[in-house]
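Trainee: Numbering (this note's numbering), first residue to last: 1 to 82.
Cβ atoms here follow ideal geometry from the backbone N, Cα and C, with glycine treated the same way.
Structure in structure tokens, see below.
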């Protein structure tokens, strides 16, 4: 099946199956080149139909602060385990 634009969800599912089949292809072979084309088509479809929104500033700051606190707790706990 030659690479072609992905227009529907059914086309998308078929393209994912094709990518799965080609995953073991060696780079530089016709199958490897086909894999690259299919992956680009799938990525393009996913960007248009399944966009990942950027995080808001407040959520990002909250996440970073939570990670800092978790890191401090982990370091403090590990200090007593020696």
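#1: Would the stretch 56-66 count as touching the stretch 25-44 if we require 3 or more Cβ pairs under 8 Å?
#2: Quick one: grab the DSSP three-state call for residue 59.
#3: Would you call the CB atoms of residue 22 and residue 42 closer than 8 Å?
#4: Mapping the DSSP letters down to three states, classify residue 54 as helix, strand or coil.
#5: I'd like the list of long-range same chain contacts for residue 18, defined as Cβ closer than 7 Å, with 5 residues on each side in sequence excluded.
Mentor: Inspection of the coordinates gives the following:
#1: They do not touch, by the three-pair rule.
#2: Here DSSP, grouped into helix, strand and coil, assigns residue 59 to helix.
#3: Not a contact, by the Cβ cut-off of 8 Å.
#4: For residue 54, the secondary structure class from DSSP, reduced to helix, strand or coil, is coil.
#5: Around residue 18: 1 and 38.
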